[in-house]
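In the working numbering, the protein residues as written are 2 to 50.
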């Protein structure tokens with residue numbers, strides 16, 4: 002991911018190249034995930050004393 006920060010000791014870190022078929026772009030993720038989102042239920046309004 003662009004801009005992702007993983008804080009791990011460099012001596013034990015491994016970097017693997019990922020093929021294009023194994024990841025999706027942000028716009029693809031948005032297009033696929035936005036239809037799955039549902040609005041949160043209304044919460045009761047708090048009454049001040």
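C-beta atoms are modelled at their ideal positions from N, C-alpha and C, and glycine is treated no differently. No experiment lies behind these values; they were computed from the predicted model shown.
Give me the Cα-Cα distance between residue i and residue j, rounded to the nearest whole angstrom.
i: residue 22; j: residue 40; result: 32 Å
i: residue 31; j: residue 12; result: 35 Å
i: residue 19; j: residue 38; result: 28 Å
i: residue 45; j: residue 33; result: 32 Å
i: residue 14; j: residue 24; result: 21 Å
i: residue 10; j: residue 17; result: 16 Å
i: residue 36; j: residue 27; result: 15 Å
i: residue 48; j: residue 29; result: 43 Å
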